[in-house]
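My numbering applies: residue 76 is where the sequence shown begins, and numbers increase by one.
Heads up: the structure comes next, in structure tokens.
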Amino acid sequence: MLAILSTLLIGEYLASLVVVIMTWTGELIEYYAANKAKSELKLLKKLRPTIAHLTSNNNIIDIPLEDINVGDIILIKPGEITPTEGVIVEGEAVFDESSITGEVAPIRKQCGDMVLSGTKNGATSFSMKVETDPANSEYQKIIEMVANALENKPKIVT
76 MLAILSTLLI GEYLASLVVV IMTWTGELIE YYAANKAKSE LKLLKKLRPT IAHLTSNNNI
136 IDIPLEDINV GDIILIKPGE ITPTEGVIVE GEAVFDESSI TGEVAPIRKQ CGDMVLSGTK
196 NGATSFSMKV ETDPANSEYQ KIIEMVANAL ENKPKIVT
């Protein structure tokens with residue numbers, strides 16, 4: 076505002092117009108970025124698993140994700156998002172880790188390999204031993220970090 080008033084007072088109308096356009100463009104970019112981040116957060120939350128397929132006594136039981144404990148053996152079906160970090164104990168799979176690591180090439184993993192939360196399983200089922208509480212998984216931390224960034228603007232902006 077000070078720059079606009081100053082340029083108008085000294086008769087530099089073109090400079091005043093440039094400042095107005097720069098300010099308006101910055102606000103437009105900020106608005107676009109905030110809306111994009113909000114839509115990405117909605118997508119992250121939508122993709123977040125809500126149930127897990129617990130393997131117990133050769134039975135598979137669907138339970139709420141909050142009821143999964145470290146050490147449990149869960150089944151990940153084809154196309155599902157891994158709800159937490161774990162180690163493959165049976166089977167092998169190909170994963171799309173692009174949403175977590177940025178790696179676009181599919182990653183093949185087998186027994187003994189660590190699986191990241193938030194990665195998409197390919198075309199085969201596998202069992203994994205839960206290594207991290209789902210509430211503390213990396214995927215959940217990413218969701219919380221994005222939500223926190225949307226809620227709290229940097230001090231320089233406010």
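Ideal placement from N, C-alpha and C gives every residue a C-beta, glycine not left out.
Three-way DSSP call (helix, strand, coil) for residue i in this model
i	result
M76	coil
L191	coil
D208	coil
S200	coil
I96	helix
A168	strand
A127	strand
V221	helix
I175	helix
N110	helix
Residue j beta carbon less than 7 Å from that of residue i
i	j	result
Y214	S192	yes
I136	P209	no
K128	I149	A small correction: the amino acid at residue 128 is His; Lys does not occupy that position in the sequence shown. Yes; because the gap between Cβ atoms is below 7 Å, this pair is in contact.
T130	S202	yes
L140	T125	yes
E160	T100	no
A78	V94	yes
T98	A90	no
Identity of the residues DSSP links to residue i by a beta bridge
i	result
K121	Paired residues: none, contrary to the question.
D142	The partner list for D142 (beta bridge, DSSP) is empty, contrary to what the question assumes.
E102	Paired residues: none, contrary to the question.
L150	H128 and S202
K184	A168
N134	S131
Expected contact under 8 Å - CB spacing of residue i and residue j to nearest Å
i	j	result
V169	P181	5 Å
V205	G166	Not a contact, Cβ separation roughly 15 Å.
L116	A222	6 Å
CA nearest to the CA of residue i, picked from the options
i	options	result
K152	K195, K184, E172 and S173	K195
V164	K184, I175 and K216	K184
G197	N110, V190 and D171	D171
G154	V162, N134, G177 and R123	R123
I218	S174, Y88 and E178	S174
Any C-beta of chain D under 7 Å from that of residue i
i	result
A127	Of the chains in the structure shown, none is chain D; there is only one protein chain.
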